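Numbering (the numbering used here), first residue to last: 71 to 338.
The beta carbon of each residue, even a glycine, is placed where N, CA and C say it ideally should be.
This one's a predicted model, so the numbers in the text were calculated from it and none came from an experiment.
Everything below concerns the one structure shown next.
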């Protein structure tokens, strides 16, 4: 796999139970036609297709054609090729007609700076039939350094740590204010719910590699905002090969959260 597709594959090993729980909470109708925006390698798209069986169909769309190769291959291997299809496209200008789907789902896309969220949600709304559901989901927190809450708080307070949000951003643009976005564009019966995923020792190799990648993604750019002592402690705890590498601890435990926002397109 290319590096981006591999990172998506590894992250799915941690995210799968959370995604299953979030999809179950939506209670998507069996036989319905749905859209997964920002589908990546199609792992979550497959879960969505399973949730609307029998007779349902899910279309995945992603701006990166390379990852769609893996998505199509996975659909063939899983036996879900008749329930799944994939198209290349930009979520800000979806290649579908108005009111083409019964519902739309998008994970880790809407609310990521610097793209404004309201135009994106309006575009999702455009392709959903009246009465249909719009659901957006995003990573909302993590605790990855058990026993080091002060260091983790400092890391999370850096520009790297608060990404995909940015310092100076309006509070109303923060993902956890999505209920306000839904209200502004006229979605009805809006709901919010947070789902928890966790992992503990002993770690299998996929979980270990995913956590290493996650720590690098979240905090590798934090050095300029930390003291020399804080950065040294981060290196000691979070670098593979360190004698104090935290993932090697027999009592390692971590958790993360995803927050789901959903609403209905008005009937009229």
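Note down, in chain order, each residue of its chain lying with its Cβ closer than 6 Å to the Cβ of residue i, except the 5 sequence neighbours on either side.
i, result
"residue 312", "306"
"residue 206", "176, 180, 331"
"residue 271", "320, 322"
Let me confirm a value: residue i is counted as buried when at least 16 other C-beta atoms fall within 10 Å, else exposed. Which label applies?
i, result
"residue 89", "buried"
"residue 94", "exposed"
"residue 126", "buried"
"residue 236", "exposed"
"residue 107", "buried"
"residue 266", "exposed"
"residue 224", "buried"
"residue 187", "buried"
"residue 302", "exposed"
"residue 275", "exposed"
Which value, in whole angstroms, describes the spacing of the CA atoms of residue i and residue j?
i, j, result
"residue 241", "residue 162", "22 Å"
"residue 180", "residue 216", "30 Å"
"residue 190", "residue 314", "44 Å"
"residue 80", "residue 282", "11 Å"
"residue 226", "residue 337", "42 Å"
"residue 285", "residue 167", "40 Å"
"residue 209", "residue 110", "16 Å"
"residue 192", "residue 148", "33 Å"
"residue 73", "residue 182", "21 Å"
"residue 238", "residue 246", "16 Å"
"residue 97", "residue 91", "10 Å"
"residue 152", "residue 104", "14 Å"
"residue 198", "residue 254", "17 Å"
Taking the DSSP output, what are the residues bridged to residue i?
i, result
"residue 157", "131"
"residue 251", "In the DSSP output, where bridge partners are listed per residue, residue 251 has none listed."
"residue 203", "173, 334"
"residue 244", "DSSP, once it has assigned bridges, lists no residue as partnering residue 244."
"residue 327", "211, 266"
Can you round the beta-carbon distance between residue i and residue j to whole angstroms, since I take them to be within the 8 Å contact cut?
i, j, result
"residue 131", "residue 159", "4 Å"
"residue 288", "residue 201", "That belief does not hold up - the Cβ atoms of residue 288 and residue 201 are roughly 39 Å apart, past 8 Å."
"residue 154", "residue 119", "5 Å"
"residue 203", "residue 334", "6 Å"
"residue 99", "residue 172", "7 Å"
Could you name the residues of the same chain whose beta carbon sits closer than 7 Å to that of residue i, not counting the 5 residues immediately before and after it, in chain order?
i, result
"residue 138", "132, 156, 158"
"residue 258", "333, 334, 336"
"residue 77", "283"
"residue 308", "285, 316"
If I measure Cβ to Cβ from residue i and keep anything under 8 Å in the same chain, skipping five residues before and after, which residues do I get?
i, result
"residue 277", "83, 84, 269"
"residue 273", "281, 317, 322"
"residue 296", "224, 225, 228, 304"
"residue 144", "111, 112, 113, 116"
Cβ of residue i within 8 Å of any heavy atom in the ligand NAD?
i, result
"residue 274", "As for the ligand NAD, it is missing from this structure, which has no ligand bound."
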